[in-house]
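Enquirer:
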Amino acid sequence: MKNRKRSPRTIKRNFSFHNFLYNDKYILIFSICMAFVIWIIVSSTSSDPDVKTITDISISIPNLSDGLEVMKTEDIKAEIRIKGNKLVIGSVQSSDILVSADVSEVNKPGEYKLKLSAKKQGILSDYEFDSTVTPSTITAYVDRRAEKILKIEEDVQVQTGSEYLKQQNQLSVDTVKLSGAETYIKRIATVKAEYTSNETLTETKTFDVPLRFYDEDGAEVSNDYVTAEFDSVQVTVPVLKVKQVPIKVEFTNIPDSWEMPDNWVSIESPESGYIQLAASDEVIDSITEIKTEPVDLSQISAERKTMSVSIEVPTSCTNVDRIEKVTLKFNTDKFTSKSFTVSNVELRSNVSGVTGKLSGNSFNVTIVGPENEVNAMKASDITLYATLTESESTAAFITKPLQISIDGYKSCWWNYSDGENHATFTLTNKSNTSSSPSVSSSASNH
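Following the working numbering, the numbering of the sequence shown begins with -1 at its first residue and continues without gaps.
#1: Where does I74 fall in DSSP's three states?
#2: Output the residue ranges of the beta strand (DSSP E) runs that lie fully inside the region 279 to 311 and measure 3 residues or longer, sorted by chain position.
#3: For A374, count neighbouring C-beta atoms within 10 Å of its own C-beta (all shown protein chains included) and say buried if the count is 16 or more, exposed if not.
#4: Please state whether the Cβ-Cβ distance between Y139 and K70 is less than 8 Å.
#5: The alpha helix (DSSP H) that contains Y182, what's its start and end?
#6: In chain order, what are the residue ranges of uninterrupted beta strand (DSSP E) at least 3 long that sit wholly in the region 361 to 418?
#7: Considering Cα atoms alone, identify which of V233, D64 and P259 is closest to D206.
#8: For the putative contact between G178 and R143, defined by C-beta atoms under 8 Å, what is the C-beta separation to the nearest angstrom?
#9: Contact check, V366 vs N413 under 8 Å by CB: the rounded distance?
#10: Which residue from K50, D64, S89 and G88 puts its Cα closest to that of I78?
#11: With a cut-off of 8 Å on the beta carbons, I'd call Y125 and G82 a contact; round off their distance for me.
#12: Quick one: is P244 buried, meaning 16 or more other Cβ sit within 10 Å of its Cβ, or exposed?
#13: Locate the beta strand (DSSP E) running through V235, then write down its first and last residues.
#14: Any beta-carbon of chain C closer than 8 Å to the one on S92?
#15: The alpha helix (DSSP H) with L85 in it runs from where to where?
#16: Do you know how far the Cα of S378 is from the Cα of S438?
#17: Could you give the first and the last residue of the continuous beta strand (DSSP E) run that contains N105?
#18: Rounding to the nearest angstrom, what Cα-Cα distance links V237 and S230 in this structure?
#19: Taking the straight line between their C-alpha atoms, what separation do you get for K190 and K241?
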């Protein structure tokens, strides 16, 4: 038969012990396995313990009573030596050992040296401590926790260019909340943002300035036991360009085509006639003069020598000199005044068909100016007039302030008291079929 079963003898010969012993591959695997088994047996039955140092152990400090807390400790880790079976201690980690501080004598705020001790924690415990904990003590500061809110004082010192002005520094926040050890919190009286820059500034700049703490005597208080809600603040140092700007005197209630007499008015104070202003480069470079509030020329008599008027400083500028008013001086030594009876009084109107008539025949005025012009002037050189608006044209009569035009004498003006320049006109509307009512009108100083 072709398919004959193998005899037991044949199978036994294929897996013979002789072949196994003389196979290098089998012998290598067998040797490794036996060595591992022997090492385990020897290690587990050895009577000599092994030693190992466990490092990087965190230090635990128990909670304190009476509101006390550990505010700060040394930032260190502990270590300890252990001994025991090699297999056991080889598996021990730093998390299997609890190192704690003894706080039994802590009863008030202060700095303490706390003794450290170790004990086992976790599953592994078949080993012994072979040394004390290193370090043996840890320094800790103990206190009660407190809070305080204080105003921040800034002290940022900078230099500016010669044509520039530093204004009041500006803080990004006004107050800061402090928390930490009560003893130190109580000592802090002032929080300052202090910085000195060596830069020479020609523009506004913002600095990030750290906070520092001081007691009532000005001594600095350590921030080791105090935490601020932020460590620094931004301090903006506004820097503006400075410029000397001339002051120009403005007038109102002036005659038509009036020209200021030469050397008639001057600025007595400030003597220079200039004011020092500060603003951003763009703003200050665009300013060529500063005007006074309009001086009412009608209130200036021939005898007037001085007058105080305000100046109008733009809100975009800083008045460095803090000048709010200037004193004007009038050179009226060769000035005089003279009264005239003026008959040329007009109501000028652009309203078609409406005319006005002064009830009287004349109007008295007082003219002030240089002697040579006033003495040469005649009443016929003077014209008084008012202007009628369309909204006023339907009235029967109207009272209006008068303006003046002096022909040929451009340095003279009309001097009057309040209200004396008003005149009343009777109005006539020629477009009406019926005649306008006859109303008696008068000039207020006629």
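We treat Cβ as the ideally placed atom computed from N, Cα and C, and that holds for glycine.
Expert: On the basis of the coordinates in this document:
#1: Reading the sequence shown from its first residue, position 76 is the one you call residue 74. In this structure, I74 counts as coil in the three-state DSSP scheme.
#2: 304 to 308
#3: Position 376 of the sequence shown holds residue 374. Exposed.
#4: Position 141 of the sequence shown, counted from the start, is the residue given in the question as residue 139. Position 72 of the sequence shown, counted from the start, is the residue given in the question as residue 70. Cβ distance < 8 Å, so Y139 and K70 count as in contact.
#5: The residue labelled residue 182 in the question sits at position 184 within the sequence shown. Residues E180 to R185.
#6: 361 to 368, 380 to 386, 395 to 399 and 401 to 404
#7: For the purposes of this step, residue 206 is identified with residue 208 of the sequence shown, where counting begins at 1. That would be V233, whose Cα lies nearest to the Cα of D206.
#8: Taking the sequence shown and counting its residues from 1, the one referred to as residue 178 is at position 180. Taking the sequence shown and counting its residues from 1, the one referred to as residue 143 is at position 145. That belief holds up - the Cβ atoms of G178 and R143 are roughly 7 Å apart, short of 8 Å.
#9: One-based indexing of the sequence shown puts residue 366 at position 368. One-based indexing of the sequence shown puts residue 413 at position 415. V366 to N413, Cβ: 5 Å. Contact.
#10: Numbered from 1 along the sequence shown, position 80 holds the residue referred to as residue 78. Among K50, D64, S89 and G88, the Cα nearest to that of I78 is on K50.
#11: Counted from its first residue, the sequence shown places residue 125 at position 127. Counted from its first residue, the sequence shown places residue 82 at position 84. Y125 to G82, Cβ: 3 Å. Contact.
#12: The residue you call residue 244 lines up with position 246 of the sequence shown. It counts as exposed.
#13: Here residue 235 refers to the residue found at position 237 of the sequence shown. Residues S230 to V235.
#14: Protein chains in the displayed structure number just one, and chain C is not present.
#15: Reading the sequence shown from its first residue, position 87 is the one you call residue 85. Unbroken alpha helix (DSSP H) run through L85: K84 to I87.
#16: Taking the first residue of the sequence shown as position 1, residue 438 is located at position 440. Taking the first residue of the sequence shown as position 1, residue 378 is located at position 380. Here S438 scores only 32 on pLDDT, less than 50, and its place in the model should not be relied on; the value that follows carries that caveat. Roughly 25 Å separates the two Cα atoms.
#17: Start at 1 with the first residue of the sequence shown, and residue 105 comes out as number 107. Per DSSP, N105 belongs to no beta strand (DSSP E) and is neither H nor E.
#18: To locate residue 237, count along the sequence shown from 1; it is residue 239. To locate residue 230, count along the sequence shown from 1; it is residue 232. Their Cα atoms are separated by approximately 22 Å.
#19: Residue 190 sits at position 192 when you count from the first residue of the sequence shown. Residue 241 sits at position 243 when you count from the first residue of the sequence shown. So the two alpha carbons sit approximately 33 Å from each other.
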